[in-house]
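So in the working numbering, spot 149 of the sequence shown is number 769, and the numbers just go up one at a time.
All C-beta atoms in this analysis are idealised placements derived from N, C-alpha and C, irrespective of residue type, glycine included.
All remarks here apply to the structure that follows.
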Amino acid sequence: MPKQVDHRERRETIARALWRVVEQQGWSRATMREVAAAAGVSLGQVQHYFASRTAMLEFAMEFASEQTAQRVTRSLERLGSPAHPRDALRVILMEMLPLHADARATSRMSAAYTLEALHDPELHERARLGLRNGRAQTERLIGQAITEGHIPPDRDPVIETNLLLALTGFTPLLDLGVIDPEAASAAIDYHLDRLFDGTSHNPGR
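Structure (structure tokens):
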């Protein structure tokens, strides 16, 4: 019997190769030929699964988002159920920063994706919706924490969400060596301590 081809697995292999090329060489050098070489497949195979670099980038970003969500879920499970909202927010923020290999690859893919989206109306709308949905999830988590008394009731969930997500701006500072991971972690903990000021919590750091 001929061996069955797992098309999803092939697409994921190509996506991971794109991550590596973008991380090591940048998006401008991430040609389909270069990605094929990194994935150990032919250029024709890459073109079979992806009609263009943009299509390849879009799938790679979707796959990266899935992997990030899985890492967040595993981290929260290790904290116990249910995780304190402060711990949940910390896990989410730390996972969005380029602090390990997969997160660095995702961060650089995200930068390339954003730049492409600025000049592609269809991609722009999908990228915007993805960011808006992610932001809404964070706002719901903060709103729930206020309702449950973990965060003081006078805090505005919209403003607090925007301030919290602003911490992901540490990414270029980390990538370019302006600050180290310990400094980013300390700033995140300081902000979360202020956000949860006056509430009872045993930090799971």
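How would you label residue i, buried or exposed, when you count the other beta carbons within 10 angstroms and need 16 or more for buried?
{"i": "Ile779", "result": "exposed"}
{"i": "Ile712", "result": "buried"}
{"i": "Arg825", "result": "Its pLDDT being 42, under 50, Arg825 is placed unreliably by the model, and the measurement read from it follows with that caveat. Answer is exposed; the Cβ neighbour count stays below 16."}
{"i": "Ala689", "result": "exposed"}
{"i": "Arg636", "result": "buried"}
{"i": "His720", "result": "exposed"}
{"i": "Thr791", "result": "buried"}
{"i": "Val798", "result": "exposed"}
{"i": "Ala807", "result": "exposed"}
{"i": "Thr693", "result": "exposed"}
{"i": "Ser820", "result": "Residue placement at Ser820 cannot be trusted, given a pLDDT of 48 that sits under 50; the coordinates are not used to answer."}
{"i": "Ala671", "result": "exposed"}
{"i": "Ala650", "result": "buried"}
{"i": "Ala756", "result": "exposed"}
{"i": "Leu796", "result": "exposed"}
{"i": "Leu677", "result": "buried"}
Return the chain-ordered list of same chain residues with a C-beta closer than 7 Å to the C-beta of residue i, the five sequence neighbours on each side being excluded.
{"i": "Met716", "result": "Thr788"}
{"i": "Ala723", "result": "Glu715, Leu717"}
{"i": "Ala747", "result": "Tyr733, Thr734, Ala737"}
{"i": "Leu761", "result": "Pro705, Ala708, Leu709"}
{"i": "Ser662", "result": "Ala656"}
{"i": "Glu643", "result": "Arg724, Ala725, Arg728"}
{"i": "Leu793", "result": "Ile799"}
{"i": "Phe816", "result": "Arg706, His770, Ile771"}
{"i": "Ala804", "result": "Leu717, Phe790, Leu794"}
{"i": "Arg631", "result": "Tyr669, Phe679"}
Return the chain-ordered list of same chain residues with a C-beta closer than 8 Å to the C-beta of residue i, the five sequence neighbours on each side being excluded.
{"i": "His811", "result": "Leu783, Leu784, Leu787"}
{"i": "Thr674", "result": "Glu736, Asp740, Leu743"}
{"i": "Pro773", "result": "Ile766"}
{"i": "Gln764", "result": "Pro705"}
Looking only at its own chain, which residues have a Cβ that is under 6 Å from the Cβ of residue i, when we skip the five neighbours before and after it?
{"i": "Ala659", "result": "Thr633, Ile634, Ala637"}
{"i": "Ser695", "result": "Val711"}
{"i": "Trp647", "result": "Ala732"}
With respect to the alpha helix (DSSP H) encompassing residue i, which residues constitute its N-terminal and C-terminal limits?
{"i": "Gly754", "result": "741 to 767"}
{"i": "Trp639", "result": "627 to 645"}
{"i": "Ser727", "result": "721 to 737"}
{"i": "Val778", "result": "777 to 786"}
{"i": "Asp809", "result": "801 to 815"}
{"i": "Ala675", "result": "673 to 699"}
{"i": "Gly797", "result": "Note, Gly797: premise wrong, no alpha helix (DSSP H); not H, not E."}
{"i": "Pro563", "result": "Residue 563 cannot be examined here, being either before or after the span of the chain that is shown, 621 to 825."}
{"i": "Leu717", "result": "From DSSP, Leu717 is part of no alpha helix (DSSP H); its letter is neither H nor E."}
{"i": "Val606", "result": "As displayed, the chain neither begins before 621 nor continues past 825, which places residue 606 out of reach and without an answer."}
{"i": "Arg653", "result": "652 to 659"}
With three or more C-beta pairs closer than 8 Å as the rule, is the stretch 729 to 741 touching the stretch 679 to 693? yes
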